[in-house]
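Asks: Quick note, the sequences are listed as chains A and B, same order.
Final position of the first sequence in numbering that gives the first Met the number 0 is 236; the numbers increase by one with none missing.
Final position of the second sequence in numbering that gives the first Met the number 0 is 211; the numbers increase by one with none missing.
Glycine included, C-beta positions come from ideal geometry on N, C-alpha and C.
The following block contains the structure, expressed as structure tokens.
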Amino acid sequence: MALSQALRSTVLRSSLPLTCSPVCRRVCASAAPRASIQSHGLRTSVFTPSLSGFRSKAQRSQRVASFATQALKKGDKVPTDIEVQTLAEDGNKTRLTFGEIINGKKAVIVGVPGAYTPVCSSSHIPGFVEKIKDFEAKGVDYVGVLSNNDIFVMREWGKTMGCDSAKIKMISDGNTELSKALGMTVDMTSRTMGTRTRRFAMYVDNGEVKAVSVEEDEVGGADSDEKTNASWILQQI
Amino acid sequence: MTAFARCTAGAIAIVPTRRCAALSRRGHSAKFALAGPRVARSAQLRTCSVTAISVGDKVPGDIKFNYFDAEGNMQAVAVDDLTKGKKVVLIGVPGAFTPTCSLKHLPGFLEKADELKSKGVDTIACVAVNDAFVMDAWSKSVGTDDKIMMLADGSADFTKAIGVELDLSDKGLGIRSRRYAMLLEDGAVKELNLEEGGAFTVSSADEILSAL
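Structure (structure tokens):
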């Protein structure tokens, strides 16, 4: 009974003029279905136009769910065609795709919300700098720090934390494209920082995610690196 | 919506209607104009031509900047509180830690800071579209101490409100500010040296000094 009612309300919604707002359509759909639809006895297919604003509730909640599960999981392949900026051997900035950076390597990628912010600078990244020998011993070829600060800021930040000497690389996702593709962004507008990279740590072997951990709290791990610190990821390798 | 800022030499900015209204309320010369038949069809997409701030305009007083004080606490300051009844030199830079900003533009003002203050300038402040953490780190790196206030316009609110935004997305920097040096008296622009983009030609400390 409930299912057929849902079907009728879906059809009713799709039969409303296209200029109706979604609110209007929802209000109309919640009214009792018109007798004419039932009396036709037509086999109506459940079709809602797929223009935005006209999706059914089920489709909308599916869309929300797809965002929530979009973060990369173990076994996924990383997106390889997104351009980011990093530093070449001579210290100058260079543009490469993410695929070119980690191609054929065992790579540990660490995502941070912001350069020079407290947790990133005082515990998260220093943890990786300290343990770099342990990573090398386990066969890791590349350790990279990802943030959506620009490459100039990342370069100086890396120097202050000793990433140069530890051979930890800085990856600047200036337009936040890579963070979005990895499903690891957080809205920090309330802290006047706009959209940032969520704190995460990921171990990628030849383009495939072998281990990943993300800070799932509201502020994207701005205040803690419990699940994503160097010790944790070291254990996963 | 893309926008080209209208500099004093003249280019047209295309902004949504509501922003046009907000800007003309703030005293910029913003006029509604229809960009063409295709755009005119949708009421929302009417364009308006916006000029960047110019001499004689008042800066928008209610916009806030973030910064870190001497004790290391994050503070917010409204433009009004910063500029009311004071002589303020406002420096705009595309980005903290970028080469020209760090090596020429800001150090130039740092050198001449005492001279500017002796000529009656109350506050020298530098604005960039970076967050407060980055601005604080940059100020320590350049060594501005308490001579220059480093203000973070993290969401580019102030920069867009005065019409000096610069789209550097293709360089991976997003929306930034054009380079400028501005002399404000009680919130009104007395002298404005605005570069086209990030060039460094007219926006140095010397130009501002000669205006005092």
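Where do the N-terminal and C-terminal ends of the beta strand (DSSP E) with Arg210 of chain B fall, by residue?
Replies: Residue mapping note: residue 210 of chain B aligns to position 211 of the second sequence, counting from 1. What sits at residue 210 of chain B in the sequence shown is Ala, not Arg. Segment 204-210 is the alpha helix (DSSP H) holding Ala210 of chain B; no beta strand (DSSP E) there.
Asks: Which residues mark the beginning and the end of the alpha helix (DSSP H) in which Ile131 of chain A is found?
Replies: Here residue 131 of chain A corresponds to residue number 132 of the first sequence, with the count starting at 1. From DSSP, the alpha helix (DSSP H) with Ile131 of chain A extends over 131-136.
Asks: Measuring alpha carbon to alpha carbon, tell me which of A:Ile100, A:Gly110, A:Phe127, A:Gly219 ends up nearest Met160 of chain A.
Replies: Sequence index remark: in the first sequence, residue 160 of chain A carries index 161 (1-based). Checking every option, the nearest Cα to that of Met160 of chain A belongs to A:Phe127.
Asks: Is it buried or exposed for Gly94 of chain B, if we count other Cβ within 10 angstroms and need 16 for buried?
Replies: On the second sequence, position 95 is the one that residue 94 of chain B refers to. Buried is the call here.
Asks: Can a CB atom of chain A be found closer than 8 Å to the CB of Thr122 of chain B?
Replies: Counting from 1 along the second sequence, the entry for residue 122 of chain B is found at position 123. So no, Thr122 of chain B is outside the interface.
Asks: Would you grab the beta carbon distance between Asn147 of chain A and Thr188 of chain A for me? Rounded to a whole angstrom, and I think it's under 8 Å.
Replies: Your numbering for residue 147 of chain A matches position 148 in the first sequence. Your numbering for residue 188 of chain A matches position 189 in the first sequence. 14 Å between Cβ atoms; not a contact.
Asks: Would you verify that the beta carbon of Glu155 of chain A is, or is not, closer than 8 Å to some beta carbon of chain E?
Replies: In the structure shown, chain E cannot be found, because the protein chains are A and B.
Asks: Quick one: what does DSSP say Arg154 of chain A is sitting in, helix, strand or coil?
Replies: Translated into the one-based positions of the first sequence, residue 154 of chain A becomes position 155. Three-state result, Arg154 of chain A: helix.
Asks: Cα-Cα, which of B:Val188, B:Gly186, B:Ala187, B:Leu182 is closest to Ser203 of chain B?
Replies: Counting from 1 along the second sequence, the entry for residue 203 of chain B is found at position 204. Among B:Val188, B:Gly186, B:Ala187, B:Leu182, the Cα nearest to that of Ser203 of chain B belongs to B:Leu182.
Asks: Per DSSP, which residues does Thr171 of chain A bridge with? Please list them.
Replies: For the purposes of this step, residue 171 of chain A is identified with residue 172 of the first sequence, where counting begins at 1. Looking at the sequence shown, residue 171 of chain A is not Thr but Ser. A:Gln84, A:Ser146.
Asks: Whole-angstrom Cβ separation of Glu194 of chain B and Val188 of chain B, contact assumed at under 8 Å?
Replies: Here the question's residue 194 of chain B lines up with position 195 in the second sequence. Here the question's residue 188 of chain B lines up with position 189 in the second sequence. The pair is not a contact, with the Cβ atoms about 16 Å apart (cut-off 8 Å).
Asks: What residues from chain A crowd round Leu217 of chain B, counting only those whose CB sits closer than 7 Å?
Replies: With chain B covering 0 to 211 only, the question about residue 217 of chain B has no answer from this structure.
Asks: Would you verify that the beta carbon of Asn72 of chain B is, or is not, closer than 8 Å to some beta carbon of chain A?
Replies: One-based indexing of the second sequence puts residue 72 of chain B at position 73. Asn72 of chain B does not count as touching chain A.
Asks: Among the residues of its own chain, which have a CB less than 6 Å from the CB of Gly143 of chain A, if the five just before and after it don't count?
Replies: Translated into positions along the first sequence, residue 143 of chain A becomes position 144. The answer, listed in chain order, is Ile108, Lys168, Ile170.
Asks: Going by beta-carbon coordinates alone, are Glu207 of chain A and Gly74 of chain A separated by less than 8 Å?
Replies: Within the first sequence, the letter at position 208 stands for residue 207 of chain A. Within the first sequence, the letter at position 75 stands for residue 74 of chain A. It is a contact, given that the beta carbons lie within the stated cut-off.
Asks: What is the DSSP secondary structure of Thr7 of chain B, counted as helix, strand or coil?
Replies: Counting from 1 along the second sequence, the entry for residue 7 of chain B is found at position 8. In this prediction, Thr7 of chain B has a pLDDT of 36, which is less than 50 and means its spatial position is unreliable; nothing more can be read from the coordinates.
Asks: When Cβ atoms are compared, which residues of the stretch 143-166 of chain B fall closer than 8 Å to chain A?
Replies: Flagged, chain order: Ala151, Gly153, Ser154.
Asks: Could you check the C-alpha separation between Val133 of chain B and Gly71 of chain B for me, to the nearest Å?
Replies: Stepping through the second sequence from its first residue, residue 133 of chain B is reached at position 134. Stepping through the second sequence from its first residue, residue 71 of chain B is reached at position 72. About 13 Å.
Asks: Taking Cβ positions only, does Asn91 of chain A come closer than 8 Å to chain B?
Replies: As a working mapping, residue 91 of chain A is identified with position 92 in the first sequence. Judged by the 8 Å Cβ criterion, Asn91 of chain A is not in contact with chain B.
Asks: Measuring only the C-alpha atoms, how far is Ser120 of chain A from Glu164 of chain B?
Replies: On the first sequence, position 121 is the one that residue 120 of chain A refers to. On the second sequence, position 165 is the one that residue 164 of chain B refers to. Their Cα atoms are separated by approximately 30 Å.
Asks: Check whether the stretch 117-127 of chain B touches the stretch 91-109 of chain B, taking contact to mean three or more Cβ pairs, one atom from each stretch, closer than 8 Å.
Replies: Result yes; three or more Cβ-Cβ pairs closer than 8 Å.
Asks: Quick one: using the 10 Å Cβ neighbour count with 16 as the cut-off for buried, is Glu155 of chain A buried or exposed?
Replies: Counting from 1 along the first sequence, the entry for residue 155 of chain A is found at position 156. Counting Cβ neighbours within 10 Å, Glu155 of chain A comes out buried, since at least 16 surround it.
Asks: Show which residues of chain A have a CB atom less than 8 Å away from the CB atom of Val133 of chain B.
Replies: Counting from 1 along the second sequence, the entry for residue 133 of chain B is found at position 134. Correct list: Gly113, Ala114, Tyr115, Asn148, Val152.
Asks: Compare the Cα-Cα distances from Ala200 of chain A to each of A:Thr194, A:Met192, A:Gly193, A:Ala210 and report the closest residue.
Replies: Working through the first sequence from its first residue, we reach residue 200 of chain A at position 201. Among A:Thr194, A:Met192, A:Gly193, A:Ala210, the Cα nearest to that of Ala200 of chain A is on A:Ala210.
Asks: Looking at Thr79 of chain A: is its Cβ nearer than 8 Å to the Cβ of Leu86 of chain A?
Replies: By 1-based counting over the first sequence, the position of residue 79 of chain A is 80. By 1-based counting over the first sequence, the position of residue 86 of chain A is 87. No, the pair does not count as a contact, with Cβ atoms beyond the cut-off.
Asks: Given this structure, state the Cα-to-Cα distance separating Ser223 of chain A from Asp172 of chain A, to the nearest angstrom.
Replies: Indexing the first sequence from 1 puts residue 223 of chain A at position 224. Indexing the first sequence from 1 puts residue 172 of chain A at position 173. Taking the straight line joining both Cα atoms gives about 21 Å.
Asks: Mapping DSSP to helix, strand and coil, what is Ser164 of chain A?
Replies: Counting from one through the first sequence, the residue named residue 164 of chain A turns up at place 165. DSSP places Ser164 of chain A in coil when its eight states are reduced to three.
Asks: Quick one: measure Cβ to Cβ for Met192 of chain A and Val213 of chain A, integer angstroms, because I've assumed they're closer than 8 Å.
Replies: Start at 1 with the first residue of the first sequence, and residue 192 of chain A comes out as number 193. Start at 1 with the first residue of the first sequence, and residue 213 of chain A comes out as number 214. No, Met192 of chain A and Val213 of chain A are not in contact; Cβ-Cβ is about 18 Å, not under 8 Å.
Asks: Just checking: is the beta-carbon of Ala183 of chain A within a distance shorter than 8 Å of some beta-carbon in chain B?
Replies: Here residue 183 of chain A corresponds to residue number 184 of the first sequence, with the count starting at 1. The residue you asked about is not Ala; residue 183 of chain A is Met in the sequence shown. Judged by the 8 Å Cβ criterion, Met183 of chain A is not in contact with chain B.
Asks: For Val120 of chain B, count neighbouring C-beta atoms within 10 Å of its own C-beta (all shown protein chains included) and say buried if the count is 16 or more, exposed if not.
Replies: Taking the second sequence and counting its residues from 1, one reaches residue 120 of chain B at position 121. Result: buried.
Asks: Which residues does DSSP list as the beta-bridge partners of Cys125 of chain B?
Replies: Position 126 of the second sequence, counting from 1, holds the residue named residue 125 of chain B. Looking at the DSSP assignment, Cys125 of chain B forms a beta bridge with B:Ile90, B:Met149.
Asks: When you compare each of B:Lys85, B:Gly84, B:Tyr66 to Val76 of chain B by their alpha carbons, which one comes out closest?
Replies: Reading the second sequence from its first residue, position 77 is the one you call residue 76 of chain B. Ranking the options by Cα distance to Val76 of chain B, first place goes to B:Tyr66.
Asks: Since Thr196 of chain A and Val111 of chain A are thought to touch, with beta carbons under 8 Å apart, how far apart are those beta carbons, to the nearest angstrom?
Replies: Your numbering for residue 196 of chain A matches position 197 in the first sequence. Your numbering for residue 111 of chain A matches position 112 in the first sequence. Confirmed, Cβ separation roughly 6 Å.
Asks: Would you decide whether Pro59 of chain B is buried or exposed? Buried here means 16 or more other CB atoms lie within 10 Å of its CB.
Replies: Translated into the one-based positions of the second sequence, residue 59 of chain B becomes position 60. Classification of Pro59 of chain B: buried, given that the 10 Å Cβ count is 16 or more.
Asks: Would you call Gly197 of chain B buried or exposed, if buried means 16 or more other Cβ atoms sit within 10 Å of its Cβ?
Replies: Taking the second sequence and counting its residues from 1, the one referred to as residue 197 of chain B is at position 198. With 16 or more other Cβ atoms within 10 Å, it is buried.
Asks: If we define contact as Cβ-Cβ less than 8 Å, is Thr191 of chain A a contact residue for chain B?
Replies: In the first sequence, residue 191 of chain A corresponds to position 192, counting from 1. Yes - at least one Cβ of chain B is within 8 Å of the one on Thr191 of chain A.
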